[in-house]
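Engineer: In the numbering used here, the protein residues as written are 1 to 77.
Here a beta-carbon is modelled for each residue, glycine too, at the ideal position from N, C-alpha and C.
First, the structure itself, so that you have it in front of you.
In C-alpha cells:
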C-alpha cells in the first residue's frame, strides 16, 4: 500500500510524459533498493527526437515543482 502511495507523488511526471506520447511509462520505487535514487521512471520513445522531447518534459515538470534535477547520458539512453 505504501509503495502505491509513494508512486502517486510522481503522477505529475507520468502525466507530462503521457502528454508527449511516451509509451510504456513505468515507475519503480527504489527507496529500499538503491542508495542513489528513491524512484526510477522508465518510458519508451519512438526516436532520438522523441526521447529528447520526453526528457525535456520530465525536467520541465520537475522544475515547475521547484525540484532540482540533472540529466546524464542524454546523447543516447
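1) Considering just the uninterrupted stretch of the alpha helix (DSSP H) at residue 59, what are its terminal residues?
2) Hey, is residue 57 close to the ligand SAM, as in C-beta under 7 angstroms from one of its heavy atoms?
3) Comparing alpha-carbon positions, which option in 74, 31, 47, 72 lies nearest residue 7?
4) How would you call residue 54, buried or exposed, if buried means at least 16 neighbouring beta carbons within 10 angstroms?
5) With distances taken Cα to Cα, identify the nearest neighbour of residue 11 among 33, 35, 34, 39.
Structural biologist: Taking the definition as stated:
1) The count along the chain shown starts at 1 and reaches residue 59 at position 59. Where residue 59 is concerned, the enclosing alpha helix (DSSP H) stretches over 48-64.
2) Although the ligand SAM was asked about, the structure shown includes no ligands whatsoever.
3) For the purposes of this step, residue 7 is taken as the residue at position 7 of the chain shown. Here the closest residue by C-alpha is 31.
4) For the purposes of this step, residue 54 is taken as residue 54 along the chain shown, with counting starting at 1. With 16 or more Cβ atoms within 10 Å of its Cβ, residue 54 is classed as buried.
5) Position 11 of the chain shown, counting from 1, holds the residue named residue 11. Looking at the Cα atoms, 39 is the closest of the given residues.
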